[in-house]
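Count the sequence shown with the working numbering and you get residues 1 to 57, in order. By construction, the Cβ of each residue, glycine as well, lies at the ideal position given by its N, Cα and C atoms. All remarks here apply to the structure that follows.
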Amino acid sequence: MPLPKGTEVEDAKASFENGVLEVTIPVPDLQQRHRQIPITTGQGTSGQRARSASQSG
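Pasting the structure below:
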């Protein structure tokens, strides 16, 4: 399985219990990939932009 760049494989942990293998690997903060994409409405010519719900908190 390919892992994202910056994955801290040295800090990987694994456990095996009741036939289930659980592997935990810390990954880099995915918020760095966040970007804003302007959205214009099809109504009128005002060119107002809508904001995504994630920006409001």
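| Taking DSSP as the reference, what is the three-state secondary structure of glutamate 10? | helix
| query | Roughly how far, in whole angstroms, is the beta-carbon of proline 38 from the beta-carbon of glycine 6, given that I think they are within contact range, below 8 Å? | reply | That pair is no contact at about 28 Å.
| Does the distance from the C-beta atom of alanine 14 to that of glutamate 8 stay below 9 Å? | no
| query | If you follow the beta strand (DSSP E) that leucine 21 is part of, which residue opens it and which one closes it? | reply | 20-24
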